[in-house]
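Line by line, the protein sequences are chains X and W. Oh and the first sequence: position 67 is 67 in this note's numbering, straight run, nothing missing. Oh and the second sequence: position 95 is 1095 in this note's numbering, straight run, nothing missing. Data block below; observations after.
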Amino acid sequence: AQSVTQPDIHITVSEGASLELRCNYSYGATPYLFWYVQSPGQGLQLLLKYFSGDTLVQGIKGFEAEFKRSQSSFNLRKPSVHWSDAAEYFCAVAAYNDMRFGAGTRLTVKP
Amino acid sequence: GAVVSQHPSWVICKSGTSVKIECRSLDFQATTMFWYRQFPKQSLMLMATSNEGSKATYEQGVEKDKFLINHASLTLSTLTVTSAHPEDSSFYICSARRGQDVEQYFGPGTRLTVT
């Protein structure tokens, strides 16, 4: 079965600084990969997804992620973080009828 | 497109009572629906998978007699927490899959508090 590891439980960055959230997956076939953001008490919002093709994926809110098969990684990046980006971020890997989430990374943004 | 709703968004019930949560796909037919549970500051854990007209498949450790799932139509699945106890308090999120899509579309979640 597939699995996802988000090594960083909590990350703090200054507003305006760049951001990279790490995600490593384990899956035997070509993975379907997702990044979601969740604000406190809210549901999940899809930031971006990778199914195939170009390994650099652009998402909403200025986020991007790069799929690296050799490293089994799908790291999320943003060049300049805004205070409103403070939230919980989840990486997920999916197969047919099965989606597995990482433990999440909580992002704090310092003014 | 691909909007999923949940009702209610939050519910408080007394210990020992049952509570039903609805999950609806508003603009597509959901071949499969999923129920997740999320404890505070934790990730989503899959509870069960349901296909329309079939019995739900529960993940290991999830009590099927406590968490009753009904997927009566292609747009509606319900989760009933029976004889709720305070430890059942959690955030419940449903999702739906459209046709042969791998992607799941998530509802906004239901906050259950059992007093």
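Just so it is clear, CB atoms sit at the ideal spot from N, CA and C, and this is done for glycine as well. A quick note: this is a predicted structure, and the numbers were derived from the prediction, not measured.
What's the gap between the Cα of residue i and the Cα of residue j?
i	j	result
W/Ser-1077	W/Cys-1023	5 Å
W/Phe-1034	W/Glu-1059	11 Å
W/Thr-1080	X/Ile-9	32 Å
X/Thr-12	X/Pro-111	11 Å
X/Pro-7	X/Leu-19	15 Å
W/Ala-1096	X/Gly-53	25 Å
Candidates the options: which alpha carbon is nearest residue i's?
i	options	result
W/Ile-1021	W/Cys-1013, W/Asp-1027, W/Ile-1012, W/Gln-1006	W/Gln-1006
X/Ser-84	X/Thr-108, X/Leu-44, X/Gly-53, X/Tyr-50	X/Thr-108
X/Leu-76	X/Arg-100, X/Glu-15, X/Gln-58	X/Gln-58
X/Leu-56	X/Phe-67, X/Leu-46, X/Gly-62, X/Asn-24	X/Phe-67
X/Ser-3	X/Pro-111, X/Lys-61, X/Val-93	X/Val-93
W/Asn-1051	W/Ser-1073, W/Val-1003, W/Leu-1044	W/Ser-1073
W/Thr-1049	W/Pro-1008, W/Asp-1101, W/Pro-1040, W/Thr-1032	W/Thr-1032
X/Ser-70	X/Ala-29, X/Ser-14, X/Glu-15, X/Pro-7	X/Ala-29
W/Phe-1091	W/Val-1062, W/Ser-1009, W/Val-1003	W/Ser-1009
Which bits of chain X does residue i rub up against, with CB to CB less than 8 Å?
i	result
W/Gln-1060	Under the 8 Å cutoff, chain X gives no residues; its nearest Cβ is about 12 Å from W/Gln-1060.
W/Val-1011	Within 8 Å Cβ-Cβ: nothing; W/Val-1011 doesn't reach chain X, min ~14 Å.
W/Gln-1104	Ala-94, Met-99
Sort out for me which residues DSSP pairs residue i with in a bridge.
i	result
W/His-1007	W/Glu-1022
X/Tyr-89	X/Val-37, X/Thr-105
X/Asp-120	Coverage of chain X is limited to positions 1 through 111, which leaves residue 120 of chain X absent and any answer about it impossible.
Give every residue of the same chain whose Cβ lies closer than 7 Å to the Cβ of residue i, excluding the five residues on either side of it in the sequence, and list them in chain order.
i	result
X/Ala-86	Leu-107, Thr-108, Val-109
X/Thr-5	Asn-24, Gly-102
For residue i, go through chain W and note every residue whose CB falls closer than 7 Å to its CB, in chain order.
i	result
X/Gly-113	In the structure as shown, chain X begins at 1 and stops at 111. Residue 113 of chain X is therefore absent and cannot be evaluated.
Near residue i, which residues of its chain fall below 8 Å by C-beta distance, leaving aside the five closest residues on each side in sequence?
i	result
W/Ser-1015	Ala-1084, His-1085, Pro-1086, Val-1114, Thr-1115
Using the beta-carbon of each residue, which ones in chain W are nearer than 9 Å to residue i?
i	result
X/Ala-65	Result: empty, since nearest Cβ-Cβ is about 15 Å, beyond 9 Å.
Excluding the five sequence neighbours on either side, which residues of its own chain have a C-beta within less than 6 Å of the C-beta of residue i, listed in chain order?
i	result
W/Glu-1103	none
W/Lys-1075	It is Thr, not Lys, that sits at residue 1075 of chain W in the sequence shown. For W/Thr-1075, where only same-chain residues beyond five positions count, the Cβ hits under 6 Å are Arg-1024, Ser-1025.
Applying a beta-carbon distance threshold of less than 8 Å, which residues of chain W neighbour residue i?
i	result
X/Gln-42	Pro-1108, Gly-1109
Residues of chain X with CB closer than 9 Å to the CB of residue i, please, in chain order.
i	result
W/Leu-1076	Under the 9 Å cutoff, chain X gives no residues; its nearest Cβ is about 18 Å from W/Leu-1076.
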